[in-house]
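This report refers to the structure that appears directly beneath it.
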Amino acid sequence: MTRPVVWVSMDDTLEVARDLFDRERFHHAIVKDEGRVVGVISDRDLLRNISPFIGNFDERRQDVGSLKRRVHQVMTRRLVSTTPQTPIGEAAEKMMMQRVSCLPVIDSTGACVGIVTLRDILRWSVRAADELARGERPAA
3 MTRPVVWVSM DDTLEVARDL FDRERFHHAI VKDEGRVVGV ISDRDLLRNI
53 SPFIGNFDER RQDVGSLKRR VHQVMTRRLV STTPQTPIGE AAEKMMMQRV
103 SCLPVIDSTG ACVGIVTLRD ILRWSVRAAD ELARGERPAA
């Protein structure tokens with residue numbers, strides 16, 4: 003899982019989310035409302051909702067206006083999550099079955115303590131394959 007968790011507020015603008023993604027170089031951010039996890043926003047959500055003309059010579063006022071939309075207008079609200087105790091294989095299967103590219107990791111208090119992404123699953127898979135090739139038992 004990836005830590006620390008990058009998060010935005012439901013009322014943040016898409017410009018705030020875009021700047022966060024650019025600065026932190028993540029592809030997903032947790033959306034919180036009053037400290038509670040309420041959804042996820044991805045870089046793909048931004049690409050679908052921000053004008054492609056931003057920053058170009060052809061930029062118009064309505065293009066810049068797309069940056070003023072709020073996170074809650076484009077985020078994924080159907081939260082599919084996991085726990086810190088979930089085995090990586092089970093988390094990967096859940097991601098495939100639910101057709102999601104990340105799982106917020108929620109502890110028993112309801113706090114988001116990390117996020118599992120496809121990149122995390124791939125990193126684990128490569129390590130496990132290396133360990134198997136050396137005749138070792140892969141770490142969970």
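Residue numbering for the sequence shown follows the numbering used here, starting at 3 and increasing by one per position. Just so you know, even glycine gets a beta-carbon here, dropped at the ideal spot from N, CA and C. Just so we're clear, the structure is a prediction, and the values are computed from it rather than from any experiment.
Excluding sequence positions up to five away, which residues of its chain have a Cβ less than 6 Å from the Cβ of L90?
Indexing the sequence shown from 1 puts residue 90 at position 88. First, the amino acid is wrong: residue 90 is Ile here, not Leu. For I90, where only same-chain residues beyond five positions count, the Cβ hits under 6 Å are W126.
Quick check on DSSP: helix, strand or coil for H74?
The residue you call residue 74 lines up with position 72 of the sequence shown. Helix at H74.
Which ranges would you report for the alpha helix (DSSP H) in the segment 36 to 60 if only whole runs of at least 4 residues count?
Entirely contained in the segment 36 to 60, the alpha helix (DSSP H) runs reaching 4 residues are, in chain order, 45 to 51.
Helix, strand or coil for V7? Go by DSSP, reduced to three states.
Working through the sequence shown from its first residue, we reach residue 7 at position 5. Three-state DSSP puts V7 in coil, outside helix and strand.
Count the CB pairs spanning the segment 42 to 59 and the segment 69 to 76 that are closer than 8 Å, and state whether there are at least three.
They touch, by the three-pair rule.
If we call anything under 7 Å between Cβ atoms a contact, is V82 one with V102?
The sequence position of residue 82 within the sequence shown is 80, counting from 1. The sequence position of residue 102 within the sequence shown is 100, counting from 1. Yes; because the gap between Cβ atoms is below 7 Å, this pair is in contact.
Contact check, T4 vs G116 under 8 Å by CB: the rounded distance?
Looking up residue 4 in the sequence shown gives position 2. Looking up residue 116 in the sequence shown gives position 114. So it is a contact: roughly 6 Å between Cβ atoms.
For G137, count the other beta carbons within 10 Å of its own beta carbon; 16 or more makes it buried, fewer makes it exposed. Which is it?
Residue 137 sits at position 135 when you count from the first residue of the sequence shown. So G137 counts as exposed.
What residue from G57, V107, T85 has the CA that sits closest to A31's CA?
For the purposes of this step, residue 31 is taken as the residue at position 29 of the sequence shown. Taking only the C-alpha atoms, the option nearest A31 is V107.
In angstroms with no decimal places, state the Cα-to-Cα distance between F23 and D45.
To locate residue 23, count along the sequence shown from 1; it is residue 21. To locate residue 45, count along the sequence shown from 1; it is residue 43. One C-alpha to the other measures close to 7 Å.
Excluding five sequence neighbours on each side, which residues of the same chain lie with their C-beta closer than 8 Å to the C-beta of R20?
Translated into the one-based positions of the sequence shown, residue 20 becomes position 18. Excluding positions up to five away in sequence, the list reads L48, I52, L69.
As a quick exercise: from V42, C114, I123, pick the residue whose alpha carbon is nearest that of E92.
Here residue 92 is taken as the residue at index 90 of the sequence shown, counted from 1. Closest by alpha carbon: I123.
Inspect the beta-carbon positions of C104 and V7 and report whether they are closer than 7 Å.
For the purposes of this step, residue 104 is identified with residue 102 of the sequence shown, where counting begins at 1. For the purposes of this step, residue 7 is identified with residue 5 of the sequence shown, where counting begins at 1. The answer is no: Cβ separation not under 7 Å.
Taking buried to mean at least 16 other C-beta atoms within 10 Å of its own C-beta, is V33 buried or exposed?
Taking the sequence shown and counting its residues from 1, the one referred to as residue 33 is at position 31. V33 should be labelled buried.
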